[in-house]
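Here the structure is laid out as structure tokens; the discussion comes afterwards.
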Amino acid sequence: MMNILLINGPNLNLLGTREPEIYGNKTLSDIEKDLIKEAKEKSINLECFQSNHEGEIVDKIQESVKSIQGILINAGAFTHTSISIRDALIGSKIPFVELHISNIFSREEFRKESFLTDKAIGIISGFGISSYSLAFEGIIGYLSSKD
Numbered sequence: 018m019m020n021i022l023l024i025n026g027p028n029l030n031l032l033g034t035r036e037p038e039i040y041g042n043k044t045l046s047d048i049e050k051d052l053i054k055e056a057k058e059k060s061i062n063l064e065c066f067q068s069n070h071e072g073e074i075v076d077k078i079q080e081s082v083k084s085i086q087g088i089l090i091n092a093g094a095f096t097h098t099s100i101s102i103r104d105a106l107i108g109s110k111i112p113f114v115e116l117h118i119s120n121i122f123s124r125e126e127f128r129k130e131s132f133l134t135d136k137a138i139g140i141i142s143g144f145g146i147s148s149y150s151l152a153f154e155g156i157i158g159y160l161s162s163k164d
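Its first residue numbered 18, the sequence shown is counted upward by one per residue in this note's numbering.
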């Protein structure tokens, strides 16, 4: 069975109430439940993890090396600041898709720089919460082509 890890970074636990005009009204729990259902229909195990703490995200990536085949990551603000998350992803050698609810390239200047994009197998940005499903389809397609 394919094992995929979904990582959500800081403040994504506030989805549903945080800037709904940008991020929508669905909670992170709603998004995770929908994606887990989609994964089960495809006989894929999806583990979900969220943290507001950089080190916890690094630890989770490192702990996943032997059990996870692919990572979906919405690193939130850490996208633009975290070399340690970048290094953990590179060091793990686990293929990953970077995803964002909003189009980070149409927002503030500082959000246009990502420490992850050049190492990701792909990036999904700007499709609202559908970005999660699109990224999920992308990682499945990538991993399936490697079999």
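All C-beta atoms in this analysis are idealised placements derived from N, C-alpha and C, irrespective of residue type, glycine included. In this text the structure is predicted, and so the values were computed from the model without any measurement.
*Please name the residue or residues paired with V114 in a DSSP beta bridge.*
L89, G139
*Which of helix, strand or coil does DSSP assign to N30?*
helix
*Should S101 and I121 be called a contact, given that it needs their Cβ atoms to be closer than 9 Å?*
no
*Mind checking which residues open and close the beta strand (DSSP E) that includes E64?*
61-67
*If you draw a straight line from the C-alpha of K77 to the C-alpha of D104, how long is it?*
13 Å
*Given that a residue counts as buried once 16 or more other Cβ atoms are within 10 Å of its Cβ, and exposed if not, what is E58?*
exposed
*For L23, which three-state DSSP category applies?*
strand
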